[in-house]
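Working notes, structure below.
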Amino acid sequence: MNLPPPTVIEHDGIHVVRDDLIEGGTKVRYLVHLFDDAEEVVYATPAEGGAQTALAWAARELGKKATLFVAKRKQPHPRALMAKALGATVWQVSPGYLTVVQARAREYCEATGAMLAPFGVDMPEAIDAIATAARSTGVEPDEVWCASGSGVLARGLAKAWPNARRHVVQVGRELSAADVAGATIHVSAYEFGQACKARPPFPSDPHYDAKAWEIAKARRGPGLVVAWNVTGPALV
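Reading the sequence shown from the start, the letters are residues 1 to 236 in UniProt numbering.
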């Protein structure tokens with residue numbers, strides 16, 4: 001699957017990598033590799049996680065199967081609804097602790113032989129795909145900002161732009177310096193399940209990238225500043 005290089009558009013003096021302009025967003029750039037040797041890929045996801053829609057889109061385009069395990073909610077999150085609309089099978093798990101959701105996904109894979117995607121889709125192919133996409137923009141930033149859940153995006157950007165001042169906004173679990181390749185870590189004031197109240201001037205996930213944009217605008221340094229926008233909000 002050939003994807004175009006990221007589009008970079010300046011917003012409020014910051015050069016924004018607009019991967020919301022490709023279906024599935026940045027994660028599609030490497031999730032497709034999971035299907036190289038698998039007909040079905042399974043992922044255990046937080047309700048708000050963007051990987052579920054990226055995986056569903058990749059499976060549909062490749063004619064393969066995506067299966068998602070997610071915490072049961074009274075009203076399914078728009079991400080899960082969007083993934084289902086794209087053709088993914090969505091299993092709601094109760095109780096909805098992430099450890100339980102992950103256990104159910106492992107059990108399913110053991111029973112069916114499907115491939116289990118690693119949490120955060122943390123794999124070498126992801127780092128390489130992100131670095132390649134970043135370099136393909138032709139931009140040489142002085143400073144880079146992104147949201148970070150697992151640290152995969154931050155490590156990919158570090159590989160592409162090792163000399164830039166790198167900042168991540170922690171939106172989920174506590175991150176270590178190793179997780180983000182030594183980037184400066186800023187902790188979002190919002191819990192992961194809370195949507196950011198601020199709205200960037202471009203389509204952005206309120207549970208993820210919008211939180212990074214809010215802090216980047218307030219704390220950006222001098223020079224050419226890049227902010228990476230992984231995906232837009234879920235549309236159902």
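Don't be surprised by glycine CBs; every beta carbon is placed ideally from N, CA and C.
Under 6 Å Cβ to Cβ from aspartate 20, same chain only, skipping five residues before and after it: list those, please.
On the sequence shown, position 20 is the one that residue 20 refers to. Pro203, Asn229, Thr231 and Gly232, listed in sequence order.
Same chain, Cβ closer than 8 Å to residue 306, neighbours up to 5 away in sequence not counted
This structure leaves residue 306 out entirely; the chain is present only between 1 and 236.
Does the distance from the C-beta atom of alanine 218 to that of histidine 207 stay below 8 Å?
Your numbering for residue 218 matches position 218 in the sequence shown. Your numbering for residue 207 matches position 207 in the sequence shown. Not in contact: alanine 218 and histidine 207 (Cβ atoms no closer than 8 Å).
Contacting residues, own chain, Cβ-Cβ under 7 Å from glycine 151 (five flanking each side not counted)
The residue given as residue 151 occupies position 151 in the sequence shown. Excluding sequence neighbours, glycine 151 sits near Leu175, Asp179 and Val180.
What does cysteine 146 pair with, by DSSP beta-bridge criteria?
Locating residue 146 in the sequence shown gives position 146, counting from the first residue. Looking at the DSSP assignment, cysteine 146 forms a beta bridge with Val168.
Simplified DSSP state of valine 42, which is helix, strand or coil
What you label residue 42 is simply residue 42 of the sequence shown in a count that begins at 1. Secondary structure of valine 42 (DSSP, three-state): strand.
Contact defined as beta carbons within less than 8 Å: I believe valine 41 pairs with alanine 103. What is the distance between those atoms, to the nearest angstrom?
The residue you call residue 41 lines up with position 41 of the sequence shown. The residue you call residue 103 lines up with position 103 of the sequence shown. So it is not a contact: roughly 18 Å between Cβ atoms.
For the candidate residues Pro46, Thr7 and Ala216, whose alpha-carbon lies nearest to that of phenylalanine 119?
Residue 119 sits at position 119 when you count from the first residue of the sequence shown. Taking the Cα of phenylalanine 119 as reference, the smallest distance to any Cα among Pro46, Thr7 and Ala216 is reached at Pro46.
Buried versus exposed call for lysine 197 [16 or more other C-beta atoms within 10 Å across all chains shown]
Locating residue 197 in the sequence shown gives position 197, where the first residue counts as 1. By the 10 Å Cβ count, lysine 197 comes out exposed.
Measure the alpha-carbon distance for valine 70 versus glycine 13 and round it to whole angstroms.
As a working mapping, residue 70 is identified with position 70 in the sequence shown. As a working mapping, residue 13 is identified with position 13 in the sequence shown. Inter-residue distance for valine 70 and glycine 13 is about 38 Å (C-alpha atoms, whole angstroms).
Segment contact, 8 Å Cβ cut-off, at least three pairs: the segment 2-12 with the segment 92-107
With a cut-off of 8 Å, the segment 92-107 and the segment 2-12 do not count as touching, because too few Cβ pairs lie within range.
Which of the three DSSP states, helix, strand or coil, is assigned to histidine 77?
Looking up residue 77 in the sequence shown gives position 77. Three-state result, histidine 77: coil.
Residue of Ala147, Trp145, Gln75 and Val32 minimising C-alpha distance to glutamine 52
Locating residue 52 in the sequence shown gives position 52, where the first residue counts as 1. The residue from Ala147, Trp145, Gln75 and Val32 with its alpha-carbon nearest to that of glutamine 52 is Val32.
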